[in-house]
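**Q** Just so you know, the sequences run in chain order A and B. For the first sequence, counting from 1, position 28 maps to 28 in the working numbering; every step adds exactly one. For the second sequence, counting from 1, position 64 maps to 321 in the working numbering; every step adds exactly one. All C-beta atoms, glycine included, are put in the ideal place defined by N, C-alpha and C. I'd like to ask some things about the structure below.
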Amino acid sequence: MKSELNKSRFDNTQKTFLGERGNFDHSTLIDVIFTKPETAQFLCRKLYKEFVYSVPDEDFVSQMAEVLRNNDYDIKPVLSFLFQSDHFYSYEFIGTKIKSPLEMLIGAMKQLNIADIDKAYIFDIGKSLQQELFEPPDVRGWEGQRKWISSATFPLRNNYTDSLISGRKSNGQTLRSKVNALTLARSYGASEDAAQFNEDVIRYMVQFPQISSERKGFLLETLMSGTVNWSTYLPMAESRIQNYLRTIMRLPEYQLC
Amino acid sequence: MRRRDFLQNIGLVSGSLALGNIPLRAFAHPMLPSFEQTNGKILVLLQLNGGNDGLNTVIPFEDATYYEKRPNLGIAKNNAVAIDSITGLHPSLAPFRDLYENGKLSVVRGVGYENHNRSHFRSTDIWMSASDANQFIYDGWAGRYLHQMYPDFPAKAADHPMAVQLGSVESMVMQSPAGSMSVVFENPNTFYQLVNGSKVDNDPPPNSLAGEELKYLKQIAVQSIQYANVIKTAADQAQNAVTYPNTNLGRQLAIIADLIAGGLQTPVYMASIGGFDTHANQLGNHANLLKQVADAVAAFQSDIDKQGKSENVVMMTFSEFGRRLNENGTAGTDHGTQAPLFVIGDPVKGGLLGTNPDLKNLDTRGDAFHQFDFRQIYTTILQDHLGMANENAQAVLGRDFEKLDIFEKPTVSVDEVTPFALTSVNPNPFSTATTVSYELARSMNIKLSMIDMAGRELSVIQEGRQPQGQHLKHCQMPNLRSGVYLMSLQAEGKRRSRRVVVL
C-alpha cells in the first residue's frame, strides 16, 4: 500500500501529536507512532490473542513488546520468542481458541482430505459466518473468539461440516467433492481396531484437550452403531464412518483449537 | 455451573422441545412462566449503525445557525415535516407524522453522555453496556435486565427465548453476567432447518480456560436447539397483517411482528440498519436510510395494532452518536455527539422532550451539548414500560438516573404486583408427590393448583385464606400423565407459576 500527500488538504503548520510537536506529514506522523512504547505493546497484544489466549497476560506481552522494539519492529524475532517460550506451550491455553470461520472451513477440508476446494462455496459460507475476506465489518476488524459464535452461526458451522460429508449443500445442491470416508478411515493405522481408531481420530480432529471418557464412549458407539466386530469392510461401514465423522464435527468441542 | 443444575437444564431442554407439540392456544395463555417474569411487556431495540445525523433527523428549522453552518445539507423549512412551530422531521420521516399526531411517537432531543466518545465502536459499546465514557463494561443493559428477570438462567432456561436478535452477530447489548441472553437468526424457517436434528449433550464442561470457552459454545448450542422449534411455531401461527417495504429492515420488523402476533413470549427484540456514517454525499443517502426506517417502523406499528398487540410493545431507536453541526468538504458530516432518539408505540405519551440543540453554544470540537443522558431513557423504559422497581433499574444501570416523562401511564412495578411468591416445588421432576413452598407478604386468599400448559385447571391443591409467612404444602397427584405442567399460585387477581415435570 502506498500513501500520498494531498497538499490542498494538508495542514502545513506546527501540530501536537501524541505529545510531540512538529509539522508532521503522513510519513513523519507514523514515525511518531513508532517512538511510543504503547505501539509495541498494542501489536504484541494482538499477536498474543491470535496465538495464545484471548485474554492477554500483560506481563508476558511486555516481554514480547521489548523483543519487538529491540528488533526495530521486525515481526520474526518476536514470533520466534513467543513460539519458543514455555508460556506458549502452557497446557492451560490449549484448546482455548474458537476457530475463526476460515480456520474452521479450511481446517475441516484438510482434516477430511478434500483437496478440490469449491472456493465460491467457502467464500459464501465464510461470509455467512461473518468473515468475508478483505471486508472486515469496521476499522476495529474482526474481534474474533466468542464474537464468531451466535445461535445463527453455530448451526451454520455444523451445517457446513455436514455438507463436506454428505456432498450436498443445505439447499440440496451437489458439492464438487466430498469426503471419501473409507479411504480416509483406512489412512489411519488402526482403522480396523475401533477403540484405537476412535482415539486416533479424536486426537487428530479435536484439539480440545479434555474430552471426557463418556464422550469418547458415545463416539465409539456412534461408530460401531450396534455392530460387535468392527471392520471398515463391513457392508455398512461407509455410512457408519460418515455418521461418526459428522457427529465429531458437530461437537461444540470441535470449534476450539 | 453445578453439575446438578446442568443436568437439570438438559431435562428442561427435552421438555421445551416437547412444547412444540402442545396445542397452540397455550401460547396465547397469559400466564406462562416466561412472560410472567416481565409483565408481558415487549421492548424492540432498533439500532441505527454508523452515527445518525440528528440535526437532519429532527430539524430546528427556525435556527439561522443551522442553515448557516449547513449551506448545502440543511433541510429547508418547507420540506421538513413540521411537528411544532420550530421543529420538523426529515421529509423521509413523513410516515411518522401520523404516529406523532396519535401520540405514539415520543421524540427525545439532545440525548448523549458526558465526554462523548466519537469512535464508532467505543461509543457503540458505551450505548450497549450503558457505561460512563471512561468505564469499560463487557455486557449489555438489556442482558443485565434479562439476567434480573430470569435469575435461574442458565441453570434453568425459560420456555421461550429471553431475547431475539435479527441478524448473525450477537450484540453486546444482549450479553449478561450469565452469558449470552439472546437467540440470533435471520429467518425463523431457515433457522429451524439449520438446527433440525441437532442434539443437546449433557457433559458438564471441565473447569479450565478451555472449559470456559466450551461452556459458552454449549450454551449457544443449547439455546439454538431449544428455541428453533418454539420460534418456528410462533412464526407459523400468525401472519403479518400489512405489507412491509421490501427492505432488509422491513423484513426484520415483519419477522418480529409475526413472532409477537404468533404468541412468542420474548420481552426483548433487536433489529438494526447500517449505513448512517454519512461522511460524503449525505443528502441522498441519509434520505434513503430514513425512508427505510420510517416505512418499516410505520408498517410494524400498523401491523401489531391490527394484531391487537400494540398496547404492550415499545420501540426505541438509538445510534452511537449524532453528527457535527458543520458540514464537511465532501457533502457530508463528521462524527459528533448528542442526537435525538425516538420512543415509539401505544404506551408512550408522545410529543417532544427537551429543546432543540443550542447551536450557538458548542464544545471545542463544534458539537452541541447533550440535555439528557442516554441512560435516562433506559431507566424510564425499564421502570415505566418493563415495570422494574427503581432499585432494580439502578442495579442494571449502575446508578440512579432521573426518569423522563415518556410513558402515558407507567406499568405497575413487577415487584409491587406480587405480595406473594411461589418459592419452590421440590422434588421436581416428580412422579406422584411433591412439596410446594410459597411465601405470603400478608394474610390473603390464595388458590394453589396444578394447571396444564393450555391453562386448564387439573387439580386444586389448596384454597382459602392463609396467614402471612412461609408455607409448605405437600401434595399427592397420582393420576397425572407424565409431561410438563404448571404449578400455579393465585391471589389478589395475580398468578405466579412454576413449570413442573411429572415423570
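#1: Taking the straight line between their C-alpha atoms, what separation do you get for residue 241 of chain A and residue 229 of chain A?
#2: Specify the secondary structure class of residue 583 of chain B as computed by DSSP and reduced to three states.
#3: Here's a check: name, in chain order, each residue in its chain whose Cβ is nearer than 8 angstroms to the Cβ of residue 28 of chain A, leaving out the five neighbours to either side.
#4: Taking the alpha-carbon positions, what's the residue 20 of chain A to residue 32 of chain A distance?
#5: Under 7 angstroms between beta-carbons, which chain A residues line up against residue 452 of chain B? List them in chain order, please.
#6: How long is the line joining the alpha carbons of residue 238 of chain A and residue 143 of chain A, rounded to whole angstroms?
#7: Following the continuous beta strand (DSSP E) through residue 558 of chain B, name the residue where it begins and the one where it ends.
#8: Can you give me the C-alpha to C-alpha distance between residue 579 of chain B and residue 344 of chain B, rounded to a whole angstrom?
#9: Rounded to whole angstroms, what is the Cα-Cα separation between residue 275 of chain B and residue 449 of chain B?
#10: Report the three-state DSSP secondary structure of residue 687 of chain B (helix, strand or coil).
#11: For a contact defined as C-beta to C-beta under 7 angstroms, what are the partners of residue 3 of chain A on chain B?
#12: Just to check my reading of the structure: residue 185 of chain A and residue 191 of chain A have Cβ atoms closer than 8 angstroms, yes? What is that Cβ distance to the nearest angstrom?
#13: Give the single residue among B:537, B:488, B:533 and B:534 whose Cα lies nearest to the Cα of residue 513 of chain B.
#14: Going by Cα to Cα distance, which pick from B:329, B:328, B:333 and B:306 is closest to residue 319 of chain B?
#15: Among all the DSSP beta bridges, which residues are the ones paired with residue 630 of chain B?
#16: Give the list of continuous alpha helix (DSSP H) stretches no shorter than 4 residues that lie fully inside the region 363–441 of chain B.
#17: Going along the chain, which residues of the region 96–112 of chain A sit with their C-beta nearer than 7 angstroms to a C-beta in chain B?
#18: Taking residue 256 of chain A as the query, report the chain B residues whose CB atoms sit under 7 angstroms from its CB, ordered along the chain.
#19: Do the region 711–730 of chain B and the region 639–648 of chain B touch if we need at least three Cβ pairs shorter than 8 angstroms?
#20: I'd like the span of the alpha helix (DSSP H) that includes residue 458 of chain B, first residue to last.
#21: Report yes or no: do three or more beta-carbon pairs, one from the region 703–714 of chain B and one from the region 741–755 of chain B, lie closer than 8 angstroms?
#22: Mark residue 433 of chain B as exposed unless 16 or more other C-beta atoms lie within 10 angstroms of its C-beta, in which case mark it buried.
#23: So residue 147 of chain A contacts chain B; which residues on that side make the cut at Cβ distance below 7 angstroms?
#24: In terms of residue numbering, what span does the beta strand (DSSP E) encompassing residue 597 of chain B cover?
#25: What are the boundary residues of the beta strand (DSSP E) that residue 759 of chain B is part of?
#26: Ends of the alpha helix (DSSP H) at residue 224 of chain A?
#27: Helix, strand or coil: which one does DSSP assign to residue 257 of chain A?
#28: Here's a check: name, in chain order, each residue in its chain whose Cβ is nearer than 6 angstroms to the Cβ of residue 401 of chain B, leaving out the five neighbours to either side.
#29: Verify whether the separation of the beta carbon atoms of residue 663 of chain B and residue 570 of chain B is less than 8 angstroms.
#30: Quick one: does residue 762 of chain B have its CB under 8 angstroms from some CB of chain A?
#31: Is it true that the CB of residue 581 of chain B sits closer than 8 angstroms to the CB of residue 590 of chain B?
#32: Run through chain B and tell me which residues come within less than 9 angstroms of residue 20 of chain A, C-beta to C-beta.
#33: Please look up how many angstroms separate the CB atoms of residue 346 of chain B and residue 315 of chain B, rounded, as I've assumed it's under 8 angstroms.
#34: Which ranges would you report for the beta strand (DSSP E) in the region 144–202 of chain A if only whole runs of at least 3 residues count?
#35: Report back the beta-carbon spacing between residue 574 of chain B and residue 312 of chain B to the nearest angstrom; my notes put them in contact at under 8 angstroms.
#36: Please compile the residues from chain B whose C-beta is within a distance smaller than 8 angstroms of the C-beta of residue 138 of chain A.
**A** Concretely, from the data shown:
#1: 15 angstroms
#2: strand
#3: 22
#4: 8 angstroms
#5: 155
#6: 39 angstroms
#7: Element bounds for residue 558 of chain B: not the beta strand (DSSP E) but the alpha helix (DSSP H), 539–563.
#8: 17 angstroms
#9: Low local confidence applies: a pLDDT of 29 at residue 275 of chain B is under 50, so the model's placement there is unreliable, with the coordinate-based value given in what follows. Rounded to whole angstroms, residue 275 of chain B to residue 449 of chain B spans 15 angstroms at the Cα level.
#10: strand
#11: Going along chain B, no residue has its Cβ under 7 angstroms from residue 3 of chain A, so there is no contact; the nearest lies around 19 angstroms.
#12: 5 angstroms
#13: B:488
#14: B:333
#15: B:369
#16: 377–386 and 398–406
#17: 96 and 98
#18: 467, 470 and 471
#19: no
#20: Note, residue 458 of chain B: premise wrong, no alpha helix (DSSP H); not H, not E.
#21: yes
#22: buried
#23: 426
#24: 596–601
#25: 751–759
#26: 213–224
#27: coil
#28: 433 and 653
#29: no
#30: Beyond the ends of chain B as shown, which are 258 and 760, falls residue 762 of chain B; an answer cannot be given.
#31: yes
#32: Correct list: empty, because the minimum Cβ distance to chain B is about 21 angstroms.
#33: 6 angstroms
#34: none
#35: Not confirmed; about 16 angstroms, so no contact.
#36: 377 and 378
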